[in-house]
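Under this note's numbering, the first residue of the sequence shown is numbered 33, with each subsequent residue one higher. Report on the following structure.
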Amino acid sequence: MLIFRRKVYLDNNATTMIAPDVCRIMEKTMRNCYGNPSSNYRDARDAVMLLDSCRKIVAQSIGALPEEIIFTGCASESNNQLLFSCAENAPPEKNVIISSPIEHPSVIKALEFLQKQGTVVRYCPVDNRGRIVWDALVSLVDNTTALVCVMYANNETGVLQDIPGIARLAHQNGALMMSDCVQALGKTAVNVQELGVDFASFSAHKIHGPKGAGAAFVRSGLPVVPFIHGGHQENGLRAGTESTHNIAGFAEACRHIPQSLAAAGRITRLRNELAAGIQKLLPSARINSPCGAAGQPALCNTLSVTFPGFDAAEAIGFLDYSGICVSAGSACNTSANEPSPVLKAIGLSDEESRQTLRFSLSEYTASGQIAYTLNILRDYLERRALPVTLVHPNQADESLLFNEHTFIVDVRFWYDRKILKGLPRSHETSFAELRTHLDMLPRHKNILIICQGGTISPIVAYFLRSKGFKNLSFVAGGAAGWKLFQPELYNKYGGNDKQPLIKQKAEPA
Numbered sequence: 033m034l035i036f037r038r039k040v041y042l043d044n045n046a047t048t049m050i051a052p053d054v055c056r057i058m059e060k061t062m063r064n065c066y067g068n069p070s071s072n073y074r075d076a077r078d079a080v081m082l083l084d085s086c087r088k089i090v091a092q093s094i095g096a097l098p099e100e101i102i103f104t105g106c107a108s109e110s111n112n113q114l115l116f117s118c119a120e121n122a123p124p125e126k127n128v129i130i131s132s133p134i135e136h137p138s139v140i141k142a143l144e145f146l147q148k149q150g151t152v153v154r155y156c157p158v159d160n161r162g163r164i165v166w167d168a169l170v171s172l173v174d175n176t177t178a179l180v181c182v183m184y185a186n187n188e189t190g191v192l193q194d195i196p197g198i199a200r201l202a203h204q205n206g207a208l209m210m211s212d213c214v215q216a217l218g219k220t221a222v223n224v225q226e227l228g229v230d231f232a233s234f235s236a237h238k239i240h241g242p243k244g245a246g247a248a249f250v251r252s253g254l255p256v257v258p259f260i261h262g263g264h265q266e267n268g269l270r271a272g273t274e275s276t277h278n279i280a281g282f283a284e285a286c287r288h289i290p291q292s293l294a295a296a297g298r299i300t301r302l303r304n305e306l307a308a309g310i311q312k313l314l315p316s317a318r319i320n321s322p323c324g325a326a327g328q329p330a331l332c333n334t335l336s337v338t339f340p341g342f343d344a345a346e347a348i349g350f351l352d353y354s355g356i357c358v359s360a361g362s363a364c365n366t367s368a369n370e371p372s373p374v375l376k377a378i379g380l381s382d383e384e385s386r387q388t389l390r391f392s393l394s395e396y397t398a399s400g401q402i403a404y405t406l407n408i409l410r411d412y413l414e415r416r417a418l419p420v421t422l423v424h425p426n427q428a429d430e431s432l433l434f435n436e437h438t439f440i441v442d443v444r445f446w447y448d449r450k451i452l453k454g455l456p457r458s459h460e461t462s463f464a465e466l467r468t469h470l471d472m473l474p475r476h477k478n479i480l481i482i483c484q485g486g487t488i489s490p491i492v493a494y495f496l497r498s499k500g501f502k503n504l505s506f507v508a509g510g511a512a513g514w515k516l517f518q519p520e521l522y523n524k525y526g527g528n529d530k531q532p533l534i535k536q537k538a539e540p541a
C-alpha cells in the first residue's frame, strides 16, 4: 500500500529554512570575498567593505545606527555579553537585575551565573497568558535596579510584551532596559528607538538566514565589555575573525524582513485555522497562545496547545512519521523529560506541560499544509492504527524485559548513562549510529526503544517503522520513568547485561 506523506515544517521558532536569495549571497561571498577583514591587501579591504555594508543593513532593519551593532556568533552569545557587561558596569548601589521566568535559557542561565557572583536577580511573575504582571513589576523596580531584562516575544507561546512601557518604567528609576528580540524580528515591527531599549539581541537563523550569525544592539554612549577576548575585531568588543559569509547572509535576510511582515496577516489566518481545527478535533484542548486576543498581542505564527490525555513525545514521533515537524512544549533534559519553565510559569502542571505541542508557521507555510496537519492530528487523536506501541513504565516488567522475543535498544547519550541505569539486556547505541546500522536489528523480534526522558525514543521508533520494521514500541518517560514507576526492578536489574549494539573493531596491533 502506498502511503502519501507530505513535508510540512511547523517549527520555525526553533529555526527557519534559509531563503534562496540568502543562499545565493552566501555562496557568492564564499567564492569572491574570502579575505580576512583584519589584513591589508585588496581582498581584505573588500571583506571590510562587505562588513560595513552588512552592518548598515542590519542596523537599518531595527532602527539603529551601524556603530550600535556588534556582530556575534548567535543570540545566546549576545545575551550573555550584554548581561555580563551590565553586571560588570553597574555601580555597587545598583546591583539588581529584574527579569521574567519565561526568558530564553541563554538569559536564565546567564542570570543564574551572575547570582553566584553576587548580582541580585528578581523575577517578575506573568499571568496565564505569559504577560508581565504590571503591578508586580512596578513594585520590583526601584533605585537599586541596574537592568530590566524582558524578552519582546516568547518563543513558546508567542506572547508579546509591552516593551516601550517596561522601558519607560526602567528609565524612570534610573535603570537600563534590555530585550531579547530574537523571535520578534521578521514577525512584528521591531524598532529599537520606538521600543526604548538600551540593549537587544538578534539572530539570523530565525529570519531565514544562516546559523552562526547574531547581533547585539548597544545604544550609543553606553559602556559594554567584550565577552570573547583576543583580537581587535568588532571595535575590540568581539574577538575572532568575522564570519563574512554568515554576516552577508544575515544582512540579506534582513532585506527580506518587509516581505515577511507583509505576510503576517495570511500567517495569522492560517494559525487561527489550525487552532480552530484542533479544538474541533479535541474540544478539551487548551490553547496557551494569546492568538491576538483583545489586549493580548501575540506573534502571528505561534500556537502552543495542550492535548489532555496525550503524550507530546509520542505525538511528535507520529507527526514526524507523517512528515510534519513540530516541537514539544516541554524542554528535553538529559536527566529527565522536565516540564518547560515557560509553561509552568503560565500555570500548567508538569503533566500538562508534557502534553503540550508548539506549532510555529512561516511565510512559506501553505493552507494545504495546515489541512494535512489537521488530518494527521485526527488520525493520532482518534488512535487510528498507530504503527508504534507506547509502553507505560508499569508495563516494563520482568515478563517483558526478559522475554526472548524482546530486543531492547538504548539510544541514550553516553553521559545520560552515567546518570541513570538502563533496562537490563539493553543494546546501547545512539540514534545517529543506529541510522547507519539498521542491519544490526532483528526484524523478527519486538524492538523496544528507551531513551533518558522519553523524548527521543518515539522519534526513533517511528523512524524504524518508516524503514519497514513492524513490531516496535517505546517506554514512555524513558529510563527516568522506569526508575520512578519500577524502583524495585530498577535497583535489581538496572544496567544488567548491557552491551553495545555495534561492536567496534579492534585496532590492529
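No residue lacks a Cβ here, since even glycine has one placed at the ideal position from N, Cα and C.
What is the DSSP secondary structure of residue i, counted as helix, strand or coil?
i: THR334; result: strand
i: PHE259; result: coil
i: HIS237; result: helix
i: THR47; result: coil
i: TYR184; result: coil
i: ARG449; result: helix
i: LEU406; result: helix
i: HIS264; result: coil
i: PRO322; result: coil
i: GLN193; result: coil
i: GLY360; result: According to the sequence provided, residue 360 is Ala. The question's Gly does not apply to it. If DSSP states are grouped into helix, strand and coil, ALA360 belongs with the strands.
i: THR61; result: helix
i: ASN503; result: coil
i: ASP84; result: helix
Between which residues of its own chain and residue i is the CB-CB distance below 6 Å, once the five residues before and five after are set aside?
i: PHE282; result: ALA236, GLY241 and ALA245
i: TYR41; result: CYS357
i: ASN186; result: ILE134 and GLY162
i: ILE310; result: ALA317 and VAL337
Using DSSP bridges, identify the partner residues of residue i.
i: ALA247; result: PHE103 and PHE234
i: GLU414; result: Bridge partners of GLU414: none, in fact.
i: LEU351; result: LEU351 pairs with nothing; no bridge assigned.
i: PRO532; result: GLU460
i: PHE439; result: ILE479
i: VAL390; result: Note on identity: in this sequence residue 390 is Arg, with Val being the wrong assignment. Beta-bridge pairing links ARG390 to SER336 and SER359.
Could you tell me which of the options sits nearest to residue i, measuring between CA atoms?
i: LYS60; options: GLU284, GLN147 and ARG303; result: GLU284
i: LEU380; options: THR338, LEU393, ILE356 and ALA360; result: THR338
i: SER336; options: VAL165, LYS312 and ARG303; result: ARG303
i: SER431; options: ILE451, PHE445 and PRO456; result: PRO456
i: PHE350; options: PRO419, ARG301, GLN387 and ASP159; result: PRO419
i: ILE101; options: GLY341, ILE89 and VAL443; result: ILE89
i: SER211; options: VAL153, ILE130 and THR300; result: ILE130
i: TYR525; options: ASN503, PRO474, LYS453 and LEU516; result: LYS453
i: VAL423; options: GLN387, TYR412 and ILE479; result: ILE479
i: THR151; options: PRO157, LEU143 and VAL158; result: LEU143
i: ALA345; options: GLN401, PHE463, SER275 and GLY510; result: GLY510
Between residue i and the rest of its own chain, which residues show a CB-CB distance below 8 Å, the 5 nearest in sequence each way excluded?
i: ILE534; result: THR461, GLU465, HIS469 and MET472
i: LYS537; result: Legend: pLDDT at LYS537 = 47, less than 50; position of this residue unreliable, no value from coordinates given.
On the CB-based measure, 16 or more other CB atoms within 10 Å of its CB, does residue i come out buried or exposed?
i: THR273; result: exposed
i: MET49; result: exposed
i: VAL507; result: buried
i: ALA247; result: buried
i: GLY263; result: exposed
i: LYS499; result: exposed
i: SER367; result: Reliability fails at SER367, whose pLDDT of 42 lies under 50, so the model's placement of it is uncertain and no value is given.
i: PRO425; result: buried
i: PRO371; result: buried
i: ARG444; result: buried
Any beta-carbon of chain B closer than 9 Å to the one on residue i?
i: GLU383; result: Checking the listed chains, one finds no chain B in this structure; it contains a single protein chain.
Can you list, in chain order, the residues of its chain whose CB lies under 7 Å from that of residue i, leaving out five sequence neighbours each side?
i: SER392; result: LEU42, ASP43, ASN44, ASN45, ASN333 and THR334
i: ILE491; result: ILE348, GLY349 and ASP352
i: VAL229; result: ILE195, ALA199, MET209, MET210 and SER211
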